C-alpha cells in the first residue's frame, strides 16, 4: 500500500508542476505583464466566460496587456499543453499496441499525411482555415489508407499496418517534396518549410478550438480504456484468452491516436520526438502499468511542450521553430536511452 | 466442467494439420497431450481456445458449442497458460496477475481493491507473494510459470489449457509446477496440458491423448495406453518402460534405449 501512496504523491507533484508551468508560461515573452495582473486578467476572462458576460473583475490592467494575455499567450499556452499531451499520449498508446517501445505516433503516416495536406493548402493559397482543415483531413486519410491496406493484406495485422504506414508515409513525404518543388520560392516555399518545422507562433483561439475536439475525442476514450491497453502488450493469444477483443481494441486505439495526432499536427505543424521520448520518462517514473502511465504521459507531454515553447520564444531574438527544439532535446535523450538500455528488459 | 471434442479437423490452407480427433476431458481430469514436434498439439489448443475455426467437427464446452460463447464468456470457462510469456514491457507480477481478471470487469472498469486482494491471495497460495512488485521479466522461469498459473486461477475458469507448461523449466521447477497442477486437478479443475516428456503423463495425468500424423494414436489411462510399442511408434525411437519401486510406491517410468531394436 506504500507503493500506491507514492504514486499518489508523484501525481500531485506532476499536477502542481503542470499548473506552475501553465501559469508561468503566461509571463514569458517580450511584453511584460506582472504575474498578478496575468492572474487577474485570466480570472476576469474565466468569470466573464462562465457567467456569459454578466460578471467581471474591476479592470486594473492595460488593454494592451489584456490583448497580449488573452489573444496571444492563452491560445499559445493552451495549444502547447494540448498538443504535448496529445502527441505523448498517442505515442504511449501506440508503443503498447505495437508492443514496441521505439514507436512514435506518426508510425502510420498521420503526421506526414497532415504535412502534405497543409503544404497542398498553402500551394493552392486556400487561406488560413483550409491549412488546418486539409492538414487534419489528410492526416486521417493517410492512416485510413494504411489501415485498409493492412486489412486486405494476408500478413499479420500489426506488421502489415507498420509496413503500410511506412509506405504511405514515404508516399506523402514525396508528395510534399513535389509541392515544395513547384511552389513559388519567394513566398510559398518559405511558408511551407516553416510550417513543416512546427511552430505555435501564429496560434489563434480558433486553432485551439479546432484542435481541442479531435484531441479530446481521442484522449478521453484512451484514458477510459487504459487498463485494457495493458493487455495489448502481452501476446495476442494470452490477451484473447483473457476475454479481450484485441482486434476491436486495436481499431479503437489507432482511431484515438490518429485523431489526436492529426488534430495536433493541423495546428502546430510537425513536432517530432515528443510522442517517442515522453512516454519513456513516464515509464521511468511511473512504471509500465497503463493505468498510471497513460495519464502521466499526458501530463508530462503537456509540461514538456509548454517548456519547450517557452524556450522557443525566449532563447533567441527571433523564434526557433518547435520541431527543431524538440529534436535538439529529443535526439540526445533517445541516444541515452539506447545506450543505457532504457527501461526495456535485458535480452 | 467438461470439454468434448468430436471428429475435429483443421487445415492451414490446403495442408491438413488435424484430421479427425475426438476425445473428452471431464471435471478433475488431467489430460496429457503427447506427440512429436509439429503434430498439431498447439493447433489443437488454438482450436480449443476458439482462435482457429476447425474445418469440421465439434467442440462442446459444458455441452454448448464453442462458437456460441462470447470472448468474455469463454474466458470465464477456459484459461490459457502459454509456453512462454514475453510481454513487450516489464509489468510487475501483481499487474500481470490482475490482467487475468479483465473479463470480470466492465469495458471501462479498472481492477480495484477487491481484485488486488484476490490476486495477492492467489500469489500467497502459490508461495510467490514476495515477488508481487517485481518485474515479471526479472523473476526465474519457474516463478514466472507460477505467476501465469496465478493469473489463470484468478480468471475463475474451471478449465486450464497449458501449452508445454514445463518446457523452459529445470528438473526441480518442472516437478514443482506439475505438483501444483496435479493438486488443481484434485481440487476439481479440468486440465489439458501438452508435454514432450511421457514420464509426466505417467506421474501426473489421469488420461493421455497421443497424437500421430494428425490423428489420434491412442487415448485412455496412461498406464494402459502408453505401452512400449505405442511410445516407440509415437516418437520413432525404441522406448523401454518399466516399473520402479520407490519410497513412495510403485512408479511407471520410460526411457529411450538408443541402439536397441524396436520391440526387442
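Protein chains in written order, with the working numbering: chain A, 1280 to 1626; chain B, 1383 to 1646. We put the beta carbon where it would ideally sit given N, CA and C, even for glycine. Just so it is clear, the structure is predicted and the values come from calculations on it, not from any experiment.
Would residue i and residue j be called neighbours here (beta carbons separated by less than 8 Å)?
i: residue 1443 (chain B); j: residue 1400 (chain B); result: no
i: residue 1518 (chain B); j: residue 1474 (chain B); result: yes
i: residue 1359 (chain A); j: residue 1585 (chain A); result: yes
i: residue 1490 (chain A); j: residue 1401 (chain A); result: no
i: residue 1575 (chain A); j: residue 1554 (chain A); result: no
i: residue 1414 (chain B); j: residue 1575 (chain B); result: yes
i: residue 1455 (chain A); j: residue 1541 (chain A); result: no
i: residue 1378 (chain A); j: residue 1453 (chain B); result: no
i: residue 1616 (chain B); j: residue 1594 (chain B); result: yes
i: residue 1527 (chain B); j: residue 1479 (chain B); result: no
i: residue 1407 (chain A); j: residue 1533 (chain A); result: no
i: residue 1638 (chain B); j: residue 1621 (chain B); result: yes
i: residue 1388 (chain B); j: residue 1440 (chain B); result: yes
i: residue 1614 (chain A); j: residue 1490 (chain B); result: no
i: residue 1465 (chain B); j: residue 1546 (chain B); result: yes
i: residue 1429 (chain A); j: residue 1494 (chain A); result: no
i: residue 1369 (chain A); j: residue 1392 (chain A); result: no
i: residue 1364 (chain A); j: residue 1577 (chain A); result: yes
i: residue 1563 (chain B); j: residue 1586 (chain B); result: yes
Quick check on the DSSP output: the beta strand (DSSP E) that includes residue i runs from which residue to which?
i: residue 1633 (chain B); result: 1631-1638
i: residue 1463 (chain B); result: 1460-1463
i: residue 1564 (chain B); result: Segment 1553-1568 is the alpha helix (DSSP H) holding residue 1564 (chain B); no beta strand (DSSP E) there.
i: residue 1599 (chain B); result: 1597-1602
i: residue 1547 (chain B); result: Segment: none, residue 1547 (chain B) is in no beta strand (DSSP E) and carries neither H nor E.
i: residue 1402 (chain B); result: 1397-1407
i: residue 1438 (chain B); result: 1438-1443
i: residue 1532 (chain A); result: Where residue 1532 (chain A) is concerned, there is no enclosing beta strand (DSSP E), although the alpha helix (DSSP H) it sits in stretches over 1525-1547.
i: residue 1520 (chain A); result: No beta strand (DSSP E) holds residue 1520 (chain A); the alpha helix (DSSP H) holding it covers 1515-1520.
With a threshold of 6 Å on Cβ separation, who are the neighbours of residue i within its own chain once the five nearest residues in sequence on each side are excluded?
i: residue 1461 (chain B); result: 1534, 1537, 1539, 1542
i: residue 1497 (chain A); result: 1535, 1538, 1539
i: residue 1523 (chain B); result: 1550, 1551
i: residue 1633 (chain B); result: 1626
i: residue 1621 (chain A); result: For residue 1621 (chain A), the predicted model reports a pLDDT of 48, less than 50, meaning its position is unreliable and no value from the coordinates is stated.
i: residue 1438 (chain B); result: 1391
Spatial neighbours of residue i within its chain, please: C-beta separation below 7 Å, excluding the five flanking residues on both sides.
i: residue 1310 (chain A); result: 1347
i: residue 1564 (chain A); result: 1289, 1575
i: residue 1523 (chain A); result: 1507, 1510
i: residue 1497 (chain B); result: 1480, 1483
i: residue 1644 (chain B); result: At residue 1644 (chain B) the pLDDT is 48, less than 50, meaning the model places this residue with poor confidence; the figure from the coordinates comes in the next sentence. Excluding sequence neighbours, residue 1644 (chain B) sits near 1614, 1620.
i: residue 1326 (chain B); result: Examination of residue 1326 (chain B) is not possible in this model, given that chain B is present from 1383 through 1646 alone.
i: residue 1624 (chain A); result: The predicted position of residue 1624 (chain A) is uncertain, since its pLDDT is 48 and thus under 50; a value taken from the coordinates is nonetheless stated next. Nothing meets the Cβ criterion.
i: residue 1479 (chain A); result: 1355, 1358, 1359, 1547, 1588, 1601
i: residue 1571 (chain A); result: 1286, 1565
i: residue 1409 (chain A); result: 1400
For the alpha helix (DSSP H) that contains residue i, what are its first and last residues?
i: residue 1501 (chain B); result: 1495-1507
i: residue 1581 (chain B); result: 1580-1586
i: residue 1387 (chain B); result: Premise fails: residue 1387 (chain B) lies in the beta strand (DSSP E), 1385-1394, not in any alpha helix (DSSP H).
i: residue 1415 (chain A); result: 1407-1431
i: residue 1603 (chain A); result: 1601-1619
i: residue 1493 (chain A); result: 1484-1503
i: residue 1391 (chain A); result: 1389-1402
i: residue 1423 (chain B); result: 1423-1430
i: residue 1367 (chain A); result: 1353-1376
i: residue 1617 (chain B); result: 1610-1617
i: residue 1323 (chain A); result: 1314-1329
In the DSSP assignment, what residue or residues form a beta bridge with residue i?
i: residue 1589 (chain B); result: B:1413
i: residue 1624 (chain B); result: B:1635
i: residue 1575 (chain B); result: B:1414, B:1544
i: residue 1447 (chain B); result: B:1442
i: residue 1474 (chain B); result: B:1517
i: residue 1459 (chain A); result: Beta-bridge pairing links residue 1459 (chain A) to no other residue.
Tell me which residues share the same chain as residue i and place their Cβ nearer than 8 Å to its Cβ, disregarding the 5 neighbours each side in the sequence.
i: residue 1626 (chain A); result: The predicted position of residue 1626 (chain A) is uncertain, since its pLDDT is 42 and thus under 50; no value can be drawn from it.
i: residue 1353 (chain A); result: 1305, 1321, 1324, 1484
i: residue 1603 (chain B); result: 1588, 1589, 1590
Please list the partners that residue i has in chain D, where partner means a Cβ-to-Cβ separation under 7 Å.
i: residue 1572 (chain B); result: Protein chains A and B are contained in the structure displayed, whereas chain D is not.
### Message
Tell me which residues of the stretch 1567-1586 of chain A have at least one Cβ-Cβ distance to chain B shorter than 7 Å, keeping chain order.
### Response
1567, 1568, 1570
_Interface positions of the stretch 1536-1563 of chain B facing chain A (Cβ-Cβ less than 7 Å), listed along the chain_ = 1537
- Within 9 Å of chain B by C-beta, residues of the stretch 1507-1523 of chain A in sequence order: 1507, 1509, 1510, 1511, 1512, 1513, 1514, 1515, 1516, 1517, 1518, 1519, 1520, 1521, 1522, 1523
| message | Which residues of the stretch 1371-1394 of chain A have a Cβ closer than 9 Å to any Cβ of chain B? Give them in chain order. | response | 1374, 1375, 1377, 1378, 1379, 1380
- Interface residues of the stretch 1331-1345 of chain A facing chain B [CB-CB below 9 Å]: none
Q: Pull out every residue of the stretch 1492-1506 of chain B whose Cβ sits closer than 8 Å to any Cβ of chain A, in chain order.
A: 1492, 1493
Output, in sequence order along the chain, the residues in the stretch 1305-1324 of chain A whose CB is closer than 8 Å to any CB in chain B.
none
Quick one, which residues of the stretch 1480-1505 of chain A are near chain B if we go by CB-CB under 8 Å, in chain order?
1503, 1504, 1505
| Which of the residues in the stretch 1410-1437 of chain B, read from start to end, lie with their CB under 7 Å from any CB of chain A? | 1431, 1433
Exercise. Just by C-beta distance, which residues in the stretch 1509-1527 of chain B are closer than 8 Å to chain A?
Worked result: If the cut-off is 8 Å between Cβ atoms, the stretch 1509-1527 of chain B has 1515, 1517, 1519, 1520 near chain A.
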